[in-house]
Amino acid sequence: MKLILIISFILLGAKMQAQKVFSTQYSSQADVKVFVVEYESQADLKVYKVQYDSQAGTNDGKWFFTEYGSQAKKKIYFVDYASQADLKIFFVKYDSQAGWRNNEKKQLMY
């Protein structure tokens with residue numbers, strides 16, 4: 011019985027760590043301010059946008075954009091200038107390309 015409970019908590023914990031994000035309308039509502047860079051080499055994080063929440067990663071750059079802020083682990087706001095951003099991202103075409111380039115910024119998405 012204890013084993014079942016432990017496994018359940020582990021699985022639920024992994025599910026709760028999924029990178030579900032919500033794009034806010036105002037910067038004051040956001041946990042993290044994000045800027046989309048033009049080149050991969052400028053990014054702190056390479057992001058792959060998944061279609062389903064079950065595909066979202068655990069802070070590995072696979073993001074699922076939620077419809078409501080209450081469904082998201084992190085609320086982000088897209089800024090107009092790189093100097094305003096906490097995190098610079100680059101959208102990639104394939105999920106295998108997603109990941110951190112600057113590990114010092116990793117804590118922003120936990």
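Position 9, counted from 1, in the sequence shown is what our numbering calls 19; the numbers after and before it change by one each time, with no gaps. Just so it is clear, CB atoms sit at the ideal spot from N, CA and C, and this is done for glycine as well.
1. How many Å lie between Glu114 and Lys30 at the Cα?
2. Three-state secondary structure (DSSP) at Gln27?
3. Considering Tyr87, what are the terminal residues of the beta strand (DSSP E) in which it resides?
4. Is it buried or exposed, Ala24, if we count other Cβ atoms within 10 angstroms and call 16 or more buried?
5. Which residues in the same chain as Phe101 place their Cβ atom closer than 6 Å to its Cβ, once the five residues preceding and following it in sequence are excluded?
6. Is Lys103 helix, strand or coil by DSSP?
7. Going by DSSP, what residue range makes up the beta strand (DSSP E) through Lys59?
Reading it off the structure:
1. 21 Å
2. At Gln27 the pLDDT is 43, less than 50, meaning the model places this residue with poor confidence; the figure from the coordinates comes in the next sentence. Note: Gln27 maps to coil in three-state DSSP.
3. 84 to 88
4. Residue placement at Ala24 is poorly supported in this model, since its pLDDT is 41, which falls under 50; the coordinates still yield a value, given next. Result: exposed.
5. Val57
6. coil
7. 55 to 59
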